[in-house]
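Student: Order-wise, the sequence lines are chains H and E. Quick note on my numbering: the first sequence kicks off at 81 and runs consecutively. Quick note on my numbering: the second sequence kicks off at 1157 and runs consecutively. C-beta: ideal position from N, C-alpha, C; glycine also.
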Amino acid sequence: MEKVLNINTFNEGTRFKGENRRFCSLKGQMFLVAAILVVIALVALKNLFGIYATTEEKRFGESSLLDKQMKNLKNEFRAVVGVAALQNDANVSGINHLYNFSNLIKSDAKLLYVFVFNNATSQRFAATIGNFLNDKINVTLNATDSGLGYNFVVDDEKNITKIFQSTINGTVNLTFIYEIRGENVTEAFRITTDKNLVFAFFDVQLEDSRALVRSKDIYNWSWV
Amino acid sequence: MKGYIYTMEMLIAVSLIFISLVYINSYTPTKPEMELSLIKAQGFEAMEYVDGKGSLRTLVSNANETGVEEQLRAVISNNLNFETEICINDCTKTNVPDNETVVGIDYYISAHKSNYFGKKVRLWLWRKF
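Below you can see the structure in the form of structure tokens.
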């Protein structure tokens, strides 16, 4: 009887041990499987963050370059107007130089400018609109204290000049409204008319495949 | 014996993760596109520096390309070759290699003192190695 019991116990013990061994093997393999999954996740995340960081760095670098290019253009536009003011015929020089310089940079930038020359002697001022926005614009130009206004179209890569009468009190509010591709933009300037004056407004846009930089700048210089 | 085997397998798993972490973080991939942006930025900053010194405007007004290149040589990294062209619209690519990755930047100069001339300096840059 005891022998039988012993044999049965031995058999059960053996079966129990076998099951236990299989369960232990599964636990060990799970560690390795989990480790492999963690390694795969780490590699995937590393590559993902690397691409994101590179993309952001590239965008930052290229927008910084666009900023520098914009600063170059703004400085040079100011120089053009300043040099024009030194010429005998500041109005003609300003109109021609701004047009020529805009033609030079048009492959890199889109721009729109308003150039005003006030002749204190004749009490008249001329406003020139230059359009390099790759599309025509419909312009409304009002000198509110002068009582005059104009509506006209400026084609791409063209400029148009309009003449206004200066005011007695020495200041004119010039309102420049232009419509391009269905969008209306209004700019307002205060022009001093009791001195000789050159005034310029520039709206410059630089763009590459990843970023757009736009800047509006004003420059004026007066003399007696 | 069981505990020993579990411990060994655990150690193998931890070692695998640790070695992977070390290997991943020790590898720095090259970023050729990022390098082109950096080269452009370096070239533009060199032009800004020479303009800030006051010499670029005079050299451009005199169409002195050799003088511009001498000024830039002191500023641009020795790892880069470059070529400059002072032009208005049609800029040529003389001495610029065709079998290299070349970046070009334009720096505009409109006037000097009381004279308007409206030109640009086209700077071509490429790596030496």
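(1) Between Ile209/H and Asn180/H, how many whole angstroms is the CB-CB distance? I'm expecting something under 8 Å.
(2) If you pair each beta-carbon of the stretch 1219-1227 of chain E with each one of the stretch 1248-1263 of chain E, do three or more pairs fall below 8 Å?
(3) Taking the beta carbon of Phe96/H as the centre, do at least 16 other beta carbons fall within 10 Å, making it buried, or is it exposed?
(4) Where does Lys83/H sit, in a helix, a strand or coil, going by DSSP?
(5) Could you check where the alpha helix (DSSP H) with Phe181/H kicks off and where it finishes?
(6) Spatial neighbours of Arg158/H within its chain, please: CB distance less than 7 Å, with the 5 preceding and 5 following residues excluded, ordered by chain position.
(7) When you compare each of Gly1199/E, Ser1171/E, Leu1215/E to Cys1243/E by their alpha carbons, which one comes out closest?
(8) Are the CB atoms of Phe212/H and Asp236/H nearer to each other than 8 Å?
(9) For Lys1196/E, is the classification buried or exposed, using 16 other Cβ atoms within 10 angstroms of its Cβ as the cut-off for buried?
(10) Give the C-beta separation of Ala115/H and Leu1172/E to the nearest angstrom, bearing in mind that I take them to be a contact with Cβ-Cβ under 8 Å.
(11) CB Gln1198/E to CB Ser1233/E, shorter than 8 Å?
(12) Where in the stretch 225-272 of chain H do unbroken runs of the beta strand (DSSP E), each at least 3 residues long, occur, reported from the N-terminal end onward?
(13) Just the chain H side, please: which residues come within less than 9 Å of Phe1345/E by C-beta, in chain order?
(14) So, helix, strand or coil for Glu1256/E, using DSSP?
(15) CB-CB under 6 Å to Glu1256/E, same chain, minus the five flanking residues each way: which ones, in chain order?
(16) Does the beta carbon of Gly1260/E come closer than 8 Å to any beta carbon on chain H?
(17) Can you pull out the residues from the stretch 256-277 of chain H whose beta carbon lies closer than 8 Å to at least one beta carbon of chain E?
(18) Spell out whether any CB of chain E is found under 8 Å from the CB atom of Glu156/H.
(19) With a threshold of 8 Å, are at least 3 pairs of Cβ atoms found where one atom belongs to the stretch 160-175 of chain H and the other to the stretch 256-266 of chain H?
(20) With a CB to CB cut of under 7 Å and the five nearest residues on each side skipped, what residues in its chain are close to Thr224/H?
(21) Ordered along the chain, which non-local residues of its own chain (more than five positions away) have a Cβ less than 7 Å from that of Ala189/H?
(22) Where do the ends of the alpha helix (DSSP H) carrying Val278/H lie?
(23) Could you tell me which chain E residues have their CB closer than 7 Å to the CB of Asp288/H, listed as they occur along the chain?
(24) Is there a Cβ from chain H that is less than 8 Å from the Cβ of Lys1249/E?
(25) Per DSSP, Arg1278/E forms a beta bridge with which residues?
(26) Rounded to whole angstroms, what's the CA-CA distance from Asp147/H to Arg294/H? Just pull it up for me.
(27) Can you find a C-beta in chain H that's less than 8 Å from the C-beta of Ala1219/E?
(28) Compare the C-alpha of Asp1254/E against each of Tyr1205/E, Trp1280/E, Tyr1160/E and name the closest.
(29) Give me the residue from Asn183/H, Phe111/H, Tyr193/H with the minimum Cα distance to Phe1273/E.
(30) Determine the chain E residues that contact Phe111/H at a beta-carbon separation under 7 Å, and present them in chain order.
(31) Thinking Phe195/H and Ile217/H are a contact (beta carbons under 8 Å), I'd like their distance in whole angstroms, please.
(32) Would you mind sorting Phe1174/E into buried or exposed? The rule is 16 or more other CB atoms within 10 Å of its CB.
(33) Whole angstroms are fine: how far does the CA of Leu1212/E sit from the CA of Met1351/E?
(34) CA-CA distance, Arg1229/E and Ala280/H?
(35) Looking at the unbroken alpha helix (DSSP H) that takes in Arg1174/E, where does it start and where does it end?
Tutor: Reading it off the structure:
(1) Not really, about 16 Å apart at Cβ, beyond 8 Å.
(2) Output reads no: the stretch 1248-1263 of chain E does not touch the stretch 1219-1227 of chain E.
(3) Note that Phe96/H scores a pLDDT of 44, beneath 50, so its modelled location is shaky and nothing firm can be said.
(4) Caution applies to Lys83/H, whose pLDDT of 42 falls short of 50 and renders its modelled position unreliable; the model cannot decide the point.
(5) Secondary structure note for Phe181/H: its alpha helix (DSSP H) is the uninterrupted segment 170-185.
(6) Tyr299, listed in sequence order.
(7) Ranked by Cα distance from Cys1243/E, the first of Gly1199/E, Ser1171/E, Leu1215/E is Leu1215/E.
(8) A contact, by the Cβ cut-off of 8 Å.
(9) It counts as buried.
(10) Taking C-beta atoms under 8 Å as the contact rule, Ala115/H and Leu1172/E qualify, at a distance of about 5 Å.
(11) Yes, they are a contact pair.
(12) Entirely contained in the stretch 225-272 of chain H, the beta strand (DSSP E) runs reaching 3 residues are, in chain order, 228-234, 238-245, 251-260, 263-272.
(13) This structure does not reach residue 1345/E, given that chain E is present from 1157 up to 1285, and the question cannot be answered.
(14) Secondary structure of Glu1256/E (DSSP, three-state): coil.
(15) Within the same chain, Glu1256/E has close Cβ partners Trp1282.
(16) Taking 8 Å as the threshold, the shortest C-beta distance from Gly1260/E to chain H does not fall below it.
(17) Close to chain E, meaning a Cβ-Cβ distance shorter than 8 Å, is no residue of the stretch 256-277 of chain H at all.
(18) A Cβ of chain E is located within less than 8 Å of the beta carbon of Glu156/H.
(19) Contact between the stretch 160-175 of chain H and the stretch 256-266 of chain H is absent: fewer than three C-beta pairs spanning the two stretches fall below 8 Å.
(20) If we look at Thr224/H and ignore the five residues flanking it on each side, its Cβ neighbours are Asn253, Thr255.
(21) Beyond the five residues adjoining it in sequence on each side, Ala189/H comes within less than 7 Å, by CB distance, of Leu153, Val284, Gln285, Leu286 in the same chain, given in chain order.
(22) Element bounds for Val278/H: not the alpha helix (DSSP H) but the beta strand (DSSP E), 276-287.
(23) The CB of Asp288/H never comes closer than 7 Å to any CB in chain E; the least such distance is about 10 Å.
(24) No, its Cβ sits nowhere closer than 8 Å to a Cβ of chain H.
(25) Note: Arg1278/E sits in a beta bridge opposite Glu1241/E, Asp1262/E.
(26) The straight-line gap separating the alpha-carbon atoms of Asp147/H and Arg294/H is approximately 9 Å.
(27) Chain H places no beta carbon closer than 8 Å to that of Ala1219/E, leaving this residue out of the contacts.
(28) Closest option to Asp1254/E, judged by alpha-carbon separation, among Tyr1205/E, Trp1280/E, Tyr1160/E: Trp1280/E.
(29) For the residues Asn183/H, Phe111/H, Tyr193/H, the minimum Cα distance to Phe1273/E belongs to Asn183/H.
(30) Counting only Cβ-Cβ distances below 7 Å, Phe111/H has contacts in chain E at Glu1165, Met1166, Ala1169, in chain order.
(31) In fact, because the Cβ distance is near 15 Å, the residues do not count as touching under 8 Å.
(32) Exposed is the call here.
(33) Since the first residue shown for chain E is 1157 and the last is 1285, residue 1351/E is missing from the structure and cannot be characterised.
(34) Straight-line measurement puts the Cα of Ala280/H at about 37 Å from the Cα of Arg1229/E.
(35) Here residue 1174/E is Phe; the residue named in the question, Arg, does not match the sequence. Element bounds for Phe1174/E: 1158-1182.
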